[in-house]
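Asks: Protein chains in written order, with this note's numbering: chain A, 38 to 147; chain B, 11 to 124. Each residue gets a CB set at the ideal place from its N, CA and C atoms; glycine is no exception. None of these values were measured; they are calculated from a predicted model.
Quick look at the structure:
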């Protein structure tokens with residue numbers, strides 16, 4: 038059983054829609070990371086969270102430590118947001134080793 | 011400079027070849043990572059270097075040999091690979107590996123073993 042679960046696995050949205058991607062984890066963590074991977078490879082770090090909420094442009098990430106749950110929201114989605122979004126956690130006792138979720142493949146249709 | 015560079019971008023090699031992948035960062039990061047990623051799967055950790063010393067080897071076969079010549083450079087030497095080793099190889103770096111930091115990823119090397 039994966040320690041980090043994401044949902045949905047695949048998501049198709051119309052341009053302009055509000056999008057939510059969820060991540061649940063089952064271990065004690067020191068931080069949770071949201072990553073974005075476009076086709077062709079490179080991974081970009083979007084957020085690193087240990088509590089509360091962070092916002093960057095149209096992206097918002099929240100985390101509830103008690104419920105072991107995080108969400109990534111995209112407001113006013115755009116086709117350029119089409120990518121795979123990956124949730125990863127750093128365990129409390131394994132330093133900066135990342136444990137990855139399986140990813141959510143997002144397609145935003147114009 | 012917040013960039014991690016990787017060369018080459020693409021590599022095709024036969025099972026008897028020896029080749030190397032290169033990764034470089036100039037952010038002063040003390041931890042560097044190699045990951046292997048198969049299609050539609052998350053990255054799998056292979057190796058972690060901390061302060062130029064190998065700190066984690068995730069039971070990777072010896073046909074993959076990492077090397078950290080200095081704090082900015084990380085190499086992955088490849089020898090006698092199998093077709094199932096074809097994948098995207100990603101390098102990443104972070105300030106340290108003792109607690110949670112952002113990891114900065116390179117664009118990857120897409121390796122095909124024929």
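1. Which chain A residues sit within Cβ distance under 8 Å of residue 113/B?
2. Just the C-alpha distance for residue 154/A and residue 27/B, rounded to the nearest angstrom, thanks.
3. Excluding the 5 residues preceding and the 5 following residue 49/A in the sequence, name in chain order all residues of the same chain whose CB lies nearer than 6 Å to its CB.
4. Note down, in chain order, every chain A residue with its Cβ under 8 Å from the Cβ of residue 104/B.
5. Spell out whether any CB of chain B is found under 7 Å from the CB atom of residue 123/A.
6. If residue 110/B and residue 133/A are in contact, beta carbons under 8 Å, what's the gap, nearest whole angstrom?
7. Give me, in chain order, the residues of the same chain whose beta-carbon lies closer than 7 Å to that of residue 61/B; leave out the 5 immediate sequence neighbours on both sides.
8. If I measure Cβ to Cβ from residue 65/B and keep anything under 7 Å in the same chain, skipping five residues before and after, which residues do I get?
9. Tell me, please, whether the region 85-105 of chain A touches the region 42-52 of chain B by the rule of three or more beta-carbon pairs shorter than 8 Å.
10. Please work out which residues of its chain come closer than 6 Å, Cβ to Cβ, to residue 120/B, disregarding the five sequence neighbours upstream and downstream, and give them in chain order.
11. Is it buried or exposed, residue 76/A, if we count other Cβ atoms within 10 angstroms and call 16 or more buried?
12. Excluding five sequence neighbours on each side, which residues of the same chain lie with their C-beta closer than 6 Å to the C-beta of residue 147/A?
13. Apart from the five residues on each side of it in sequence, which residues of its chain come closer than 6 Å, Cβ to Cβ, to residue 121/A?
14. Kindly give me the distance between the Cβ atoms of residue 115/B and residue 66/A, rounded to whole angstroms, as I take these residues to be in contact under 8 Å.
15. Look at residue 52/B and residue 135/A and say whether their C-beta atoms are less than 7 Å apart.
16. Using DSSP's beta-bridge definition, name the partner residues of residue 55/A.
17. By the 10 Å Cβ neighbour count, where 16 or more other Cβ atoms means buried, how is residue 112/B classified, buried or exposed?
18. I want to verify the contact list: residues of chain B whose CB lies under 7 Å from the CB of residue 127/A, in sequence order.
19. I want to verify the contact list: residues of chain A whose CB lies under 7 Å from the CB of residue 121/B, in sequence order.
20. For a contact defined as C-beta to C-beta under 7 Å, what are the partners of residue 117/B on chain A?
21. Less than 6 Å between C-beta atoms, sequence neighbours within five positions excluded: which residues of the same chain meet that for residue 91/A?
Replies: Short version:
1. 70, 82, 133, 135
2. Summary: the structure shown does not reach residue 154/A, with chain A confined to residues 38 through 147, and so no result is reported for it.
3. 144
4. 133
5. yes
6. 6 Å
7. 40
8. 58, 59, 107
9. no
10. 20, 98
11. exposed
12. 52, 116
13. 74, 140, 142
14. Actually they are not in contact, since the Cβ atoms of residue 115/B and residue 66/A sit about 20 Å apart, beyond 8 Å.
15. no
16. Per DSSP, none; premise fails for residue 55/A.
17. buried
18. 110
19. Within 7 Å Cβ-Cβ: nothing; residue 121/B doesn't reach chain A, min ~12 Å.
20. 78, 79
21. 84, 98
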